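Numbering (this note's numbering), first residue to last: 475 to 786.
Backbone N, C-alpha and C define an ideal beta-carbon position, used for all residues, glycine too.
Owing to the predicted nature of the structure, the values given are computational and were not obtained by experimental measurement.
Some notes on the structure that comes next.
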């Protein structure tokens, strides 16, 4: 029993560190968006968060719980933080002199035209997880489910953009596929092989060079196979390196990745300074922000008294 518990803690540590690396890449990617060197971050950072969700779902055997319990958990982890961060974003817009009415601000949040760009991830991950739990409850062999997830990715990546707009549905379908990848490749992602780390680094580099800038937010994924390949190998590279080289600082950052994701773009939106100054301000101001939210508003960001293994 003690051995099992220690393994779980070890797993949480390097997964938290991986989330720390990923949220740093998200912030760097947003701050230095115009620099081509940041393209590699977009190749795998957000998709890796979704893959980690699948890994953690497998790790705590969430699919063995009731669908109702998982829906309640997902509301707590994704929807409540979405409402919280969108309320902050809408309030900043309103008091900054925008001509948008309160009705329009609320409508935009409800239709996922987010006031904080990164917030789209939360409802997309919520619906993707609920669909995933529902599919996994179907009493058929997993080999009959895997084609469904492959089809989900293909549909999200290949549906024609005209004359219809599938923007949010696209994100859900692609997110579903990445969650399934983390779930079904759990053994691979939680093991370390040097040859695979090297192969992953080379693959991520090649996918970045040949596929260019990609963005799940904008549904700009270039070649779907290159995008999928870069995402899968990038997640392995990040998780494995964090497994090999533990970092308490990255673990702390990772545990607060949701807060950082939901707040950093406010600085980008309202501060007219150079990129380096902007990054410095985000780093400095994030410390008191995290402390205040964790101390006084933990419920708003999905933090419970018991340790939660979700992506938040």
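8 angstroms contact criterion, which residue i and residue j should meet: CB distance rounded
i	j	result
residue 627	residue 702	7 angstroms
residue 583	residue 560	4 angstroms
residue 731	residue 494	7 angstroms
residue 707	residue 677	4 angstroms
residue 524	residue 599	7 angstroms
residue 755	residue 741	6 angstroms
residue 606	residue 654	6 angstroms
residue 555	residue 764	Not really, about 14 angstroms apart at Cβ, beyond 8 angstroms.
residue 629	residue 647	5 angstroms
residue 528	residue 657	4 angstroms
Alpha-carbon to alpha-carbon, residue j and residue i
i	j	result
residue 522	residue 705	7 angstroms
residue 620	residue 694	24 angstroms
residue 526	residue 504	21 angstroms
residue 696	residue 684	9 angstroms
residue 724	residue 743	26 angstroms
residue 566	residue 579	11 angstroms
residue 660	residue 506	33 angstroms
residue 782	residue 735	The predicted position of residue 782 is uncertain, since its pLDDT is 42 and thus under 50; a value taken from the coordinates is nonetheless stated next. Their Cα atoms are separated by approximately 18 angstroms.
residue 490	residue 519	14 angstroms
residue 487	residue 721	9 angstroms
residue 535	residue 631	29 angstroms
residue 663	residue 531	13 angstroms
residue 484	residue 666	Bear in mind that the predicted position of residue 484 carries a pLDDT of just 47, short of 50, making it unreliable; the figure below should be weighed with that in mind. Roughly 14 angstroms separates the two Cα atoms.
residue 767	residue 716	26 angstroms
residue 492	residue 542	29 angstroms
residue 517	residue 688	6 angstroms
residue 481	residue 753	Caution applies to residue 481, whose pLDDT of 42 falls short of 50 and renders its modelled position unreliable; the value that the coordinates give is listed next. Those two C-alpha atoms are separated by around 36 angstroms.
residue 670	residue 759	38 angstroms
residue 597	residue 553	6 angstroms
residue 700	residue 772	38 angstroms
residue 533	residue 498	24 angstroms
residue 762	residue 568	24 angstroms
residue 737	residue 615	42 angstroms
residue 612	residue 537	11 angstroms
residue 609	residue 649	14 angstroms
residue 475	residue 546	Reliability fails at residue 475, whose pLDDT of 35 lies under 50, so the model's placement of it is uncertain and no value is given.
residue 540	residue 623	21 angstroms
residue 502	residue 749	10 angstroms
residue 643	residue 751	36 angstroms
residue 496	residue 668	21 angstroms
residue 692	residue 511	19 angstroms
residue 587	residue 746	23 angstroms
residue 729	residue 633	35 angstroms
residue 581	residue 601	19 angstroms
Boundaries (first-last residue) of the alpha helix (DSSP H) holding residue i
i	result
residue 772	Element bounds for residue 772: n/a, residue is neither H nor E.
residue 612	Premise fails: residue 612 is in no alpha helix (DSSP H) and is neither H nor E.
residue 662	660 to 663
Burial state of residue i, where buried means 16 or more other Cβ atoms lie within 10 Å
i	result
residue 571	exposed
residue 757	exposed
residue 548	buried
residue 594	buried
residue 575	exposed
residue 733	buried
residue 544	buried
residue 645	buried
residue 682	buried
residue 617	exposed
residue 589	buried
residue 788	Because the chain is modelled from 475 through 786, residue 788 falls outside the range shown and cannot be assessed.
residue 777	buried
residue 714	buried
residue 625	exposed
residue 585	exposed
residue 500	buried
residue 509	exposed
residue 551	buried
residue 718	exposed
residue 769	exposed
Starting from the N-terminal side, write out each stretch of the alpha helix (DSSP H) that is 4 residues or longer and does not extend beyond the segment 671 to 741.
-> 698 to 718, 722 to 729
Would you list, in sequence order, the uninterrupted beta strand (DSSP E) runs of no fewer than 3 residues that lie entirely inside the segment 528 to 597?
-> none
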